[in-house]
Amino acid sequence: MGLLSYDFMQRALIAAALIGVIAPLIGIFLVQRRLALLGDGMGHVALTGVGLAFLTGLAPVPTALVVAALGALLLELVRARSRTAGDLALALIFYGGIAGGVLLTSLASGKSSTALNQYLFGSLSTVATEDVLWLVGAGALVIVILAIFGREMFAMTLDPDVAHVQGIRTTQLGILLTVLAAVTVVIGMRTVGLLLVSAIMIVPVAAAQQFTGSFRSTAVVAVIVGLTCSVLGLTTSFTLDVPPGPTIVLLALGAFLVAALAAYPVRRRRRRHPHSSGRSLSPGGHSHD
Amino acid sequence: MTVALTCQRVCVDIEAACILSNVDLTIHEGEFVAILGSNGSGKTTLMRAILGLLPVTSGTVDLFGFPLKRFRAWHKLAYVPQRLHSAGAVPVSVHEVVGAGLISPRHRLPQRGDRQRVTTALEQVGLAERRRDRFDELSGGQQRRAMIASALAKNADLYVLDEPTAGVDAESQIRIAETFSRLRTAGRTVILITHELGPFADLATRIVVLGSPRGETSTVLYDGPPPAPDHLVERVWHHSEDVVMRGDEGSFLDPGAK
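Protein chains in written order, with our numbering: chain B, 1 to 289; chain D, 1001 to 1258.
The structure is reproduced here in C-alpha cells:
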C-alpha cells in the first residue's frame, strides 16, 4: 500500500486506530448513563484549549487535554450542586467553550480559519510526531483506568443507588467518567475533529446494540465497528482528498443503518412477544423457569 | 441479639419540605420487618435515608453499630430497587445484572467463584435458564427476581427491598416470597418497604406503619407484631387508592392532607 509510505499517514493511522478503539469504550458508558451528548459538549470545551494554544504558542494537544479535563471537572461540580441547574450549566459551559475557542483563535496572529477547521473536522497531515506520543500516552491512561474501574463504572451506570449500597463511590466515578470522555475527545481531535468526535463514541455503540444481548458483547462489537470505520474512513479520505472526520462518521452511520435494518425483523419479533418465557405461565403452558 | 439498624429521632427534609420527623426504629438481626405506608407517607424517604442515599436533617442512622458516615461494611447490606435506573439503554444480560451485585471497591476485578455465585442465585429465583437473555426482555416479575438474585449473590446480612411485589405476576410473587422465607429461616434480616403485605403477610415478624395522623409530617404510627391495627391498615389501603385516583386526575398533591 502506497499510503503507508507517507510518514504523516502512518501517524494519522495510529491516531485513528487509537480513537477507534477508545471512543466506543467510553461511549458505551455514556449511552448507559443517558449522557450520549456529553462528548459533544466536551469537544466544544476542548476547542477553547486549541484556541488558547494558538494564542500562547503552546502545544495544542496537551493544552486541549488540560482545558477539557478542567471543563469536565467544572461541569461535574455544577451538576453535583443541583440537578436542574446542572442542565443549564451544561449548556452554558458548552457555548462558552466554542465561543472561547473561536475568539481566541481569531486573536492569535497568523492562525486562519483553516487551522481551526483542521481541529473541527480532523486533518490527515497535521498529526505531528510529538502529538502521537501524547495521544498514545493519553490512550494508554484511559485504558488502564478502564481496566481498573470499568466494572465499578458498569455497576454505577446500571443503577447508581444500588452501586452506592455496594460501597461504590458513584459521585467520584461519575467525575472520572466525564474526565475520561474529555480526554477521549482530545485523542480524537486530530483525526475525527472536535465537532464530530462524539459520533465515534456513540454511533458504533448504537450500531452494535442493534443485535447484541449483553454489555460485554456490545462493547466488543462497538470497538470492532469503531476501529474499522476509523481506519477505513482515514484511508478513504486520503484517496478522495476530503477531511477524515466526516468520512469516518458517515461510515459509522452507514454501519448503524445496516445493523438497524438487519436487526429489524428480530426486534419486531421481540416487540410482538416481549416476554417469551413469561407467556409459558399462561394456563396450560409449561413453565420452564 | 446484634442490632442491624438504629434510627434515632430521624428527620428528613427534601427541598425545605419536612417529609419525616422523629422516626425511632431499632431492628435486630434476624428480624423480618415490613414498613407499611400509603403513597406520600415517607416510607421511600426513610428507606433512602437508611441506605445513605438521602441526607438526614437531624437525628442519627446507625448500620451494624456504625453511623452511616463511617459505615464501610457495605457487603453486609443488599438493596433491591423497584427497577434498575438504566436497564435497556445498552443491552445487558441477566447474568451481567446479577453479577453487578458482586462488584465493589473490594472486588474490582472478577474473582474465582463469581460465576458460581451468580448461577446459584439465579437458580434460587428460578431464572437459571434465562441468564443469557437480555434483562429488558424479561417480564416485570422476572426482572424483579433477577434483581433479587443480584442481592442474593452478594450473600448479605441485611436486605432492603422496595415494593418487591408491586406490579409482579402471581407466580413471581410466590417465588419471591419463597426466596425470602428461606432467608428468614437462615437468620438474615429483611426490611420490606411496601404499601401492602400481599404474599409477605405470613413472613413479617414485625410491622411498622408510617403515616401522618392529622395531615402533619409523617412519623411512626405503629411498631409491633403483626397484624397492624385495622384502622391504620385501612387507612393505608384507602389512601393508596385515593392517591391513584387523584393521580389520574392530574393532581398529586400531599396525599396525607385531608
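Ideal Cβ positions, reconstructed from N, Cα and C, are used throughout, including at glycine.
List the residues of chain D whose Cβ lies closer than 8 Å to the Cβ of residue i, in chain order.
i       : result
P160(B) : H1085
Q209(B) : V1090 and P1091
V66(B)  : Near V66(B) there are no residues of chain D at all, since even the closest Cβ is about 28 Å away, more than 8 Å.
I28(B)  : V1090
I148(B) : R1108
I168(B) : I1103, S1104 and P1105
By the criterion of Cβ-Cβ separation under 9 Å, what are the contact partners of residue i in chain B?
i        : result
A1166(D) : None at all; the shortest Cβ gap to chain B is about 17 Å.
Looking at the C-beta of residue i, does it have a partner C-beta in chain B at a distance below 8 Å?
i        : result
I1103(D) : yes
V1090(D) : yes
Y1159(D) : no
G1052(D) : yes
R1188(D) : no
E1096(D) : yes
R1072(D) : yes
R1246(D) : With a pLDDT of 36 at R1246(D), under the threshold of 50, the modelled position of that residue is not reliable, and no figure is offered here.
Q1111(D) : no
E1241(D) : With a pLDDT of 43 at E1241(D), under the threshold of 50, the predicted position of this residue should be treated as unreliable, though the coordinate-derived value follows. By this cut-off, E1241(D) is not an interface position.
Given that residue i touches chain B, what residues does it touch there, using C-beta distances under 8 Å?
i        : result
G1077(D) : The sequence given here has Leu at residue 1077(D), not Gly. The contacting residues are V165.
P1081(D) : D159, D161 and V162
Interface residues of chain D around residue i at Cβ under 7 Å?
i       : result
A155(B) : A1100 and I1103
T218(B) : V1090 and P1091
V31(B)  : A1089 and V1090
R34(B)  : S1086 and A1089
Is there a Cβ of chain D sitting closer than 8 Å to that of residue i, yes or no?
i       : result
V205(B) : yes
V21(B)  : no
R79(B)  : no
E152(B) : yes
From the DSSP output, read off the bridge partner residues of residue i.
i        : result
R971(D)  : There is simply no residue 971(D) to check, as chain D begins at 1001 and stops at 1258 in what is shown.
H1028(D) : V1003(D)
P1067(D) : D1062(D)
L1210(D) : V1220(D)
A1034(D) : L1192(D) and I1207(D)
C1018(D) : D1013(D)
H1107(D) : S1104(D)
Y1079(D) : V1160(D)
V1023(D) : V1010(D)
Indicate whether at least one CB of chain E lies closer than 8 Å to the CB of residue i.
i        : result
R1206(D) : This model lacks chain E altogether, as its protein chains are B and D.
Segments assigned alpha helix (DSSP H), at least 4 residues, entirely inside the region 156 to 200 of chain B: Taking only runs of at least 4 residues, the alpha helix (DSSP H) segments lying wholly in the region 156 to 200 of chain B are 160 to 165 and 170 to 189.
With a threshold of 8 Å, are at least 3 pairs of Cβ atoms found where one atom belongs to the region 156 to 171 of chain B and the other to the region 1076 to 1086 of chain D? The region 156 to 171 of chain B is in contact with the region 1076 to 1086 of chain D.
Using 8 Å as the threshold, is the region 220 to 240 of chain B in touch with the region 67 to 84 of chain B, meaning 3 or more CB pairs across them? No, the region 220 to 240 of chain B does not touch the region 67 to 84 of chain B.
Is there contact here, the region 1092 to 1104 of chain D with the region 1123 to 1139 of chain D, by at least three beta-carbon pairs under 8 Å? Yes: the two stretches touch, three or more of their Cβ pairs being nearer than 8 Å.
Taking contact to mean at least 3 C-beta pairs separated by less than 8 Å, is the region 1095 to 1115 of chain D in contact with the region 1182 to 1191 of chain D? No: fewer than three Cβ pairs fall under 8 Å.
Taking only runs that begin and end inside the region 1128 to 1176 of chain D, name each unbroken alpha helix (DSSP H) of 4 or more residues, in chain order. The region 1128 to 1176 of chain D contains these whole alpha helix (DSSP H) runs: 1140 to 1154.
Using 8 Å as the cut-off, can you tell me whether the region 111 to 129 of chain B makes contact with the region 241 to 255 of chain B, which would need three or more C-beta pairs spanning the two stretches below that distance? Three or more pairs of CB atoms, one per stretch, sit closer than 8 Å, so the region 111 to 129 of chain B contacts the region 241 to 255 of chain B.
Does the region 1006 to 1013 of chain D come close enough to the region 1169 to 1184 of chain D that 3 or more CB-CB pairs lie under 8 Å? The region 1169 to 1184 of chain D makes no contact with the region 1006 to 1013 of chain D; the number of CB pairs closer than 8 Å stays below 3.
Do the region 41 to 56 of chain B and the region 208 to 216 of chain B meet, that is, are 3 or more Cβ pairs less than 8 Å apart? Result no; under three Cβ-Cβ pairs closer than 8 Å.
Within the chosen definition, does the region 29 to 45 of chain B reach the region 93 to 107 of chain B through at least 3 CB pairs nearer than 8 Å? Taking 8 Å as the limit for Cβ pairs, the verdict is that the region 93 to 107 of chain B does touch the region 29 to 45 of chain B.
Is it the case that the region 184 to 203 of chain B contacts the region 13 to 28 of chain B, given that we only count it when at least three CB pairs across the two stretches are under 8 Å? With a cut-off of 8 Å, the region 184 to 203 of chain B and the region 13 to 28 of chain B count as touching, because enough Cβ pairs lie within range.
Below 8 Å, can you find three or more Cβ-Cβ pairs linking the region 145 to 157 of chain B to the region 97 to 108 of chain B? No: fewer than three Cβ pairs fall under 8 Å.
Any chance the region 1213 to 1223 of chain D sits against the region 1061 to 1070 of chain D, with 3 or more Cβ pairs inside 8 Å? Segments in contact, no.
Which full runs of the beta strand (DSSP E) of 3+ residues lie inside the region 84 to 140 of chain B, going along the chain? List check, beta strand (DSSP E) in window: nothing returned.
May I ask you to verify whether the region 1193 to 1205 of chain D touches the region 1034 to 1048 of chain D, counting CB pairs closer than 8 Å and requiring at least 3? Judged by Cβ distances under 8 Å, the region 1193 to 1205 of chain D makes contact with the region 1034 to 1048 of chain D, as three or more pairs qualify.
Whole runs of the alpha helix (DSSP H) within the region 56 to 82 of chain B, excluding any shorter than 4 residues: Segments of the alpha helix (DSSP H) lying fully in the region 56 to 82 of chain B: 60 to 81.
Do the region 1039 to 1046 of chain D and the region 1200 to 1210 of chain D meet, that is, are 3 or more Cβ pairs less than 8 Å apart? They touch, by the three-pair rule.
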